[in-house]
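S.K.: If you're matching them up, the sequences are chains A and B in order.
Numbering (my numbering) for the first sequence: 155 to 374.
Numbering (my numbering) for the second sequence: 11 to 129.
Every residue, glycine too, gets a C-beta built ideally from N, C-alpha and C.
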Amino acid sequence: MSWKCDIIGETGLQFYGKTVASLTHEIKNALAIINENAGLLKDFTLMSKEGVPIDPERLRSVSEKVMKQVRRADDIVGNMNRFAHSVDEPLKEVDLGEILAFVATLSRRLASMRGVSLEARRTASPVTITTTPFFLQNLVSLCLDFAMKAAGEDKTVGLAAEKRENGAQIRFTGVGGLAEVPSNAFPANRAKILLEALRAQLGVDREAGELVLTLSKDID
Amino acid sequence: MRVLLVDDEEELVSALAERLSLRGIDADWVCTCYDALERVESKTFDIAVLDVKMPKMSGLELKRRLQEKCPDMKFIFVTGHGSEDDFRAALSEAGTAYYLVKPLNIQTLIDKMNQVLKG
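(1) In whole angstroms, what separates the C-alpha of residue 203 (chain A) from that of residue 226 (chain A)?
(2) List, in order along the chain, the chain A residues whose C-beta lies closer than 8 Å to that of residue 63 (chain B)?
(3) So for residue 331 (chain A), helix, strand or coil by DSSP?
(4) Say whether chain D places a C-beta atom closer than 8 Å to the C-beta of residue 25 (chain B).
(5) Checking 8 Å against the spacing of the C-beta atoms, do residue 240 (chain A) and residue 287 (chain A) come in under that value?
(6) Please check if any C-beta of chain B sits within less than 8 Å of the C-beta of residue 203 (chain A).
(7) Please give me, in chain order, every unbroken run of the alpha helix (DSSP H) with length at least 4 that falls completely inside the stretch 202–288 of chain A.
(8) Are at least three pairs of beta-carbons, each pair with one atom in the stretch 341–359 of chain A and one in the stretch 50–63 of chain B, less than 8 Å apart?
(9) Using a Cβ cut-off of 7 Å, pull out every chain A residue sitting near residue 113 (chain B), in sequence order please.
(10) Taking residue 22 (chain B) as the query, report the chain A residues whose CB atoms sit under 8 Å from its CB, ordered along the chain.
(11) Going by the beta-carbon positions, is the gap between residue 263 (chain A) and residue 302 (chain A) smaller than 8 Å?
(12) Taking any Cβ of chain A, which residues in the stretch 114–129 of chain B have a Cβ under 8 Å from it, in chain order?
(13) According to DSSP, simplified to helix, strand and coil, what is residue 34 (chain B)?
(14) Measuring CB atoms only, is the stretch 18–31 of chain B touching the stretch 227–239 of chain A, in the sense that at least three cross pairs come out at less than 8 Å?
(15) Which residue from A:318, A:331, A:333, A:252 puts its Cα closest to that of residue 368 (chain A)?
(16) Taking residue 194 (chain A) as the query, report the chain B residues whose CB atoms sit under 7 Å from its CB, ordered along the chain.
(17) For residue 229 (chain A), would you say it is in contact with chain B, using Cβ-to-Cβ distances shorter than 8 Å as the test?
(18) Give me the Cα-Cα distance between residue 185 (chain A) and residue 39 (chain B), rounded to the nearest whole angstrom.
(19) Buried or exposed for residue 338 (chain A), please, with buried defined as at least 16 other CB atoms from any protein chain shown within 10 angstroms of its CB.
(20) From the DSSP secondary-structure annotation, give me the bridge partner or partners of residue 365 (chain A).
(21) Thinking C-beta only, is residue 187 (chain A) closer than 8 Å to residue 21 (chain B)?
(22) Any idea which residues DSSP pairs residue 318 (chain A) with across the strands?
(23) Roughly how many angstroms separate the alpha carbons of residue 50 (chain B) and residue 75 (chain B), rounded to a whole number?
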């Protein structure tokens, strides 16, 4: 059991590191835009000292860009904080719709790098299970990573949760390239151990281009 | 000096291009690697400033493709938070002097552009 715990710990750290690196990269971009626009405002004031009139409309537009990026950075920091708190409770009742929307938000930049769009579909009523939130986020992220690779550029990968008699299912749709992927490519060892820890099963529907993650109602 | 700025953050490259223009530098910008490859078909640039991480094609791959089209073009790489691997890859492509980390200091960028053009 201990080697499995080691793998889960290592996988979790990798997931944490990869996610934080992506989010901080995005914060850097927001800061870089704020930096250039603040620089532009400074340029305008220097030009004004030399007698070039300042256009109030330009000032308004540049200031709005700064405010927009402050909001963007604040949202990212909010998501980082929420992500950090996802390890607070080892067992918790979670709404799968919320988990999927959150993992999609965390993965947005990595998806964009691959030219893939993500669409987390919410259900009319919450689909809840009792699980380990961080492990589940990690497993969903591994499935999503595989789904994005298999989907290919300019595709949309959908994520949707639905209730089942003894739990719930998560569907990753739009994974059109599954037919070309060797059957042993996924799940790899790390995902297999997370599946076991979460009492979950993964199915691959090559024809429909879907991954189906079946989750127990309660892993306690 | 004619500069092509390539970064998927439009508000970054547009502001940077405006600031460079205010300093007498002819700066043009695009937000995708494919647009960059197209832009060099119609306009000549002395130097390209490339973001390392961009959607669909990395800045390093773009440099190789631009170099095939424009053998005399010089390059500077810019990154948000490069990993060690990114840093090493960019070093091998551009050299340590021509790898800048965001947020940029505009004077440092101009100095680097002058250096790379002299080198």
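M.R.: In brief:
(1) 33 Å
(2) 179, 267
(3) Collapsing the DSSP output to three states places residue 331 (chain A) in a helix.
(4) In the structure shown, chain D cannot be found, because the protein chains are A and B.
(5) yes
(6) no
(7) 210–238, 250–267
(8) No, the stretch 341–359 of chain A is not in contact with the stretch 50–63 of chain B.
(9) Neighbourhood of residue 113 (chain B) in chain A, by CB distance below 7 Å: 185, 186, 189, in chain order.
(10) Neighbours of residue 22 (chain B) on chain A, chain order: 183, 186, 187, 190.
(11) no
(12) 114, 116
(13) coil
(14) no
(15) Considering only alpha carbons, the answer is A:318.
(16) 25, 28, 29
(17) no
(18) About 19 Å.
(19) exposed
(20) A:326, A:358
(21) yes
(22) A:321
(23) 11 Å
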